[in-house]
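Q: Every letter in the sequence shown is one number past the one before it in UniProt numbering, and letter 50, counting from 1, is 50.
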Amino acid sequence: MDLSFKVLFVLALPLVLCVFDVLAEKQQVGEFNTIQHGVKGKVYFDGDDKIVIENFQYDGRGPDAYFYVGTRGQPIDSGVRIPYPKGSDAILGEYTGQTINLELPSDVRTSDLRWISVWCRQFGVDFGNLFFDKETNVVAESESEPENAAPSITTSLSVLMVVCQTSVYLF
Numbered sequence: 001m002d003l004s005f006k007v008l009f010v011l012a013l014p015l016v017l018c019v020f021d022v023l024a025e026k027q028q029v030g031e032f033n034t035i036q037h038g039v040k041g042k043v044y045f046d047g048d049d050k051i052v053i054e055n056f057q058y059d060g061r062g063p064d065a066y067f068y069v070g071t072r073g074q075p076i077d078s079g080v081r082i083p084y085p086k087g088s089d090a091i092l093g094e095y096t097g098q099t100i101n102l103e104l105p106s107d108v109r110t111s112d113l114r115w116i117s118v119w120c121r122q123f124g125v126d127f128g129n130l131f132f133d134k135e136t137n138v139v140a141e142s143e144s145e146p147e148n149a150a151p152s153i154t155t156s157l158s159v160l161m162v163v164c165q166t167s168v169y170l171f
């Protein structure tokens, strides 16, 4: 093995490790917009079939509240209900900063989502939501963030470039 191959290997290894590290990480896509009952939390996509909500808060006072997601339109009860915990029919109780892991049905992908909501079926009321731009999975600014706010998502490619550039410079 000659010296140039060893140098190439040493320089390429951080790049390869960066790719695997970035691809394994969840992507923050925004935060819930609080409408009622103190709904809050940071929303992440974890691959194409999971949503993670960190620091989820909800007072639990809605009589028939569930997580709903939709691929079009506005939060309404015709969206897809995401049971939590998985397989449960229980309404959402009180949450004070827990991490919620939602698994999407096999026919729904994070890349197709338009919104997520804490929705009360009984009264047809949205307690909190987050809208996404379907093309980019960036928070849709016109519906959920001030006009001058920066998008909440960092793409894997951007993170990969920054992390990998930093890693290469460390050698």
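Cβ coordinates follow ideal geometry from the N, Cα and C atoms, glycine included.
How is G79 classed by DSSP in three states: helix, strand or coil?
A: Shown here, G79 sits in coil according to DSSP, grouped into three states, outside any helix or strand.
Q: In whole angstroms, what is the alpha-carbon distance linking L130 and G41?
A: 10 Å
Q: Leaving out five residues on either side along the sequence, give the residues of the same chain with a beta carbon under 6 Å from the beta carbon of I35.
A: D126, F127 and G128
Q: Would you please state the rounded distance, in angstroms, between the beta carbons of residue 206 and L92? I believe it to be under 8 Å.
A: No statement about residue 206 is possible, as the shown extent of the chain runs from 1 to 171 and does not include it.
Q: To which residues of the same chain is R72 closer than 6 Å at the C-beta, ignoring the five residues directly before and after it?
A: R114
Q: Assign residue 249 to one of two classes, buried (16 or more other C-beta atoms within 10 Å of its C-beta) or exposed (fewer than that).
A: Shown here, the chain extends from 1 to 171; a query on residue 249 therefore has no answer.
Q: Alpha carbon to alpha carbon, what distance is there between V52 and V29?
A: 10 Å
Q: Could you check whether V69 and I100 sit closer than 8 Å to each other, using their CB atoms as the reference points?
A: The answer is no: Cβ separation not under 8 Å.
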